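K.L.:
Could you have a look at this structure, given as structure tokens, before my questions?
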Amino acid sequence: MATVDSGPSVRLAPPVGLKQKVRQVGPGLLAAATGVGAGDLVATMVAGARFGTVLLWAAVAGTVLKLALGEGVGRWHLASGTTLLDGWRRLGRWATTFFGVYIVLWGFVYGATAMSAVGLPLNALFGGLSVRYWAMIAGVAGLLLVWAQRYHAFEKFMTVLVLLKFTTVVSVAVLVSPDLGNLAGGLVPRLPDGSTIYVLGLVGGVGGTITMAAYGYWMFAKGWRGTGWLSMMRLDNAVGYVMTGIFVVAMLVVGSTMLFGQDLTASDDGLLTLGAALGETYGQWARLLFLVGFLAVTSSSLLGVWNGVSLMFADFTRAVRLPHGRAAEVGPGSAARADVTGTEPTREGYRAVAVEKSLAFRGYLLWLTFPPMALLFVDKPFGLTLVYGLLGSVFMPFLAITLMLLLNSRRIAREGRSGWVSNGLLGAASVLFTALLVTDVAGRL
23 MATVDSGPSV RLAPPVGLKQ KVRQVGPGLL AAATGVGAGD LVATMVAGAR
73 FGTVLLWAAV AGTVLKLALG EGVGRWHLAS GTTLLDGWRR LGRWATTFFG
123 VYIVLWGFVY GATAMSAVGL PLNALFGGLS VRYWAMIAGV AGLLLVWAQR
173 YHAFEKFMTV LVLLKFTTVV SVAVLVSPDL GNLAGGLVPR LPDGSTIYVL
223 GLVGGVGGTI TMAAYGYWMF AKGWRGTGWL SMMRLDNAVG YVMTGIFVVA
273 MLVVGSTMLF GQDLTASDDG LLTLGAALGE TYGQWARLLF LVGFLAVTSS
323 SLLGVWNGVS LMFADFTRAV RLPHGRAAEV GPGSAARADV TGTEPTREGY
373 RAVAVEKSLA FRGYLLWLTF PPMALLFVDK PFGLTLVYGL LGSVFMPFLA
423 ITLMLLLNSR RIAREGRSGW VSNGLLGAAS VLFTALLVTD VAGRL
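Position 172, counted from 1, in the sequence shown is what the numbering used here calls 194; the numbers after and before it change by one each time, with no gaps.
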């Protein structure tokens, strides 16, 4: 599995030419695939069932904003030579404190959510056990795979899952034969009555989680370091999120064609309803095809989180012990000096550590897997659910706003700083995600 930093011993020369760059594509697929889980499928399906393809433009807009956020995360890592956790500690202790609280609580609740999401298609495909026990098996299997593997094997396995889920869902979208005229009309921004919350969900929710911040760790694990890799990173990030955009559009098409007019609830069980509808219309092979894609989606999301967020937690335990605020920017270990001189950052920067073998990495893996199993047997406590939901709504504006602060500062090499396009998109993301936060808080009061 990935190390926190590949270090100079495995630093690669940036590829030249499109053919060489395509061969390097990988971390962007992991980040984009990990961010799209069962909840995103449900949100897209429900939007399609209620409004058809009218909200297609919102899915496209969401893809563009996620692409900008992913590019910002990647640019910080390459141009600063340090991780996003290093950037946050330089902003002050408030940023790392928020992240520390968030990642612990998020991991506990998300662990149960991710395992249940994998358990649903396993139960539908194989039966024999209840969803609860399939979920537990999925969690332990994910733990063992991430515990034992290394990054390059992990990337190849995840790429297979990405291609599988992309192919199956797009094939189902082609099978249902959408009206191309209506599909094209959905690119024109419109807000039907009662659609605002669904628009915000499509633009802000699909593919947008804490896993976006894990992108840089996977780049470092692949050996990408320095501003010479910026063009490669942008291609890699674009491939990942363009595939995600096509995937989301395909899911919207399937939901609008098969379930239009139905009053569906936003639960993972709704995906089984869609599978049943496909089976009744086209035969059981279509249902099985969709369930295989459903399983690939949820499995890739679980594995990506088990790996990527565990890397972030391990890095958090390193960064939180170092100086915060302006003090973190002083001395030869500063990000800008490390990037310009090519030297390794000192204690204030980022060292090469086999973090996947560290106590923090493996401890968080266990935290994601075993304590959340208790939530598979009982309803989530109201207070925990409320705090988790609010923190989840806060994270995306936190990411967008802190990226703007970091990428426009002297904490980063000049060639890595944001231009007007990046600032415009990150500013739009900040406003949108703040609106989502306000909407979520208002809905819980």
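Yeah, the Cβ is synthetic: ideal placement off N, Cα and C, and Gly gets one too.
Keep in mind the model is a prediction, meaning the values are calculated, not measured.
Suppose contacts are defined by Cβ-Cβ distances below 8 Å. Is F130 in contact with P393 by that definition?
P.N.:
yes
K.L.:
Quick one: Cα of L51 to Cα of V210, how far?
P.N.:
Approximately 28 Å, taken between the alpha carbons.
K.L.:
Taking the CB atoms as reference points, tell me whether A475 and V331 lie closer together than 8 Å.
P.N.:
This structure gives no information on residue 475, because the portion of the chain shown stretches from 23 to 467.
K.L.:
Answer with buried or exposed for F455, where buried requires no fewer than 16 other C-beta atoms within 10 angstroms of its C-beta.
P.N.:
It counts as buried.
K.L.:
Can you give the beta carbon distance from A60 to V319, rounded, assuming they're within the 8 Å contact cut?
P.N.:
7 Å
K.L.:
Give me the Cα-Cα distance between V221 and A308, rounded to the nearest whole angstrom.
P.N.:
29 Å
K.L.:
Buried or exposed: T104, going by 16 or more other Cβ atoms within 10 Å of its Cβ?
P.N.:
buried
K.L.:
Hey, how far is the Cα of G74 from the Cα of L313?
P.N.:
22 Å
K.L.:
Should P98 be labelled buried (16 or more other beta-carbon atoms within 10 Å of its own) or exposed?
P.N.:
Reading the sequence as shown, one finds Trp at residue 98 and not Pro. W98 is buried by the Cβ-count criterion.
K.L.:
Considering only residues of the same chain and omitting the five flanking positions on each side of M158, which have a CB-CB separation below 6 Å?
P.N.:
M395
K.L.:
Does the Cβ of A170 have 16 or more other Cβ atoms within 10 Å, making it buried, or fewer, making it exposed?
P.N.:
exposed
K.L.:
Would you call the segment 35-51 in contact with the segment 256-269, where contact means no fewer than 3 C-beta pairs closer than 8 Å?
P.N.:
Cβ pair count under 8 Å is three or more, so yes.
K.L.:
Return the CA-CA distance between E93 and G449, expressed in angstroms with no decimal places.
P.N.:
Spanning the two alpha carbons is a distance of roughly 14 Å.
K.L.:
Helix, strand or coil: which one does DSSP assign to H346?
P.N.:
coil
K.L.:
Check whether the Cβ atoms of L317 and A134 sit closer than 8 Å, and answer yes or no.
P.N.:
no
K.L.:
Looking at the structure shown, is A451 part of a helix, part of a strand, or coil, going by DSSP?
P.N.:
helix
K.L.:
What are the uninterrupted segments assigned as alpha helix (DSSP H) that are 4 or more residues long and contained completely in the segment 46-83, given in chain order?
P.N.:
49-57 and 60-73
K.L.:
Is it the case that the segment 324-339 contacts the segment 382-389, given that we only count it when at least three CB pairs across the two stretches are under 8 Å?
P.N.:
yes
K.L.:
Roughly how many angstroms separate the alpha carbons of W128 and F417, rounded to a whole number?
P.N.:
10 Å
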